[in-house]
Structure formats: C-alpha cells, structure tokens
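**Q**
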Amino acid sequence: YNTFDQNRFFVGIKQSINSNLSFDFGYMNVYQQKSNGYQYDMNHTLRLFFYMNSSLASAKK
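Our numbering puts the sequence shown at residues 273 to 333.
1) Return helix, strand or coil for Y312, following the three-state DSSP convention.
2) For a test of the three-state rule: what should DSSP assign to N290, helix, strand or coil?
3) Where N301 and N308 are concerned, what is the direct C-alpha to C-alpha distance, given to the nearest angstrom?
4) Classify D277 as helix, strand or coil using the three-state DSSP reduction.
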C-alpha cells in the first residue's frame, strides 16, 4: 500500500538578475516511500533554479 509518493520541503532565497531573469538557491528535503510500501528514503539536496519570464504577446507601439 502506497500512502504517498513523496513529500518535499524547500527553503531558499530568490534573486532577480534583471526584469526577465531570476534564480532560486536553497535546501530541499525529499521524503519518499519506496515501492515495497514499508521502507522510506530521505534525501537532503541543494537546489538551483533558473527562471526566465518572456511574453508571447506582441509589444504595443
């Protein structure tokens, strides 16, 4: 019986590079149930996310 696939917890900081680019850096804890149903894994990871905001709408003149 699989109670859940995984739980995640993330804490970090977000920094804007400019109006279109930013990144997050932080710690993520992943608690995951294995397929046998009675064993679990806990992973501690550092994560780096990059974000790019772009508009598909044409610019008004």
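Beta carbons are placed, not taken as given, at the ideal position from N, Cα and C, and that holds for glycine. Remember, predicted model here, so these are calculated numbers, not experimental data.
**A** In brief:
1) Three-state result, Y312: strand.
2) Assigned with DSSP and collapsed to three states, N290 falls in coil, not helix or strand.
3) So the alpha carbons of these two residues sit roughly 21 Å apart.
4) If DSSP states are grouped into helix, strand and coil, D277 belongs with coil.
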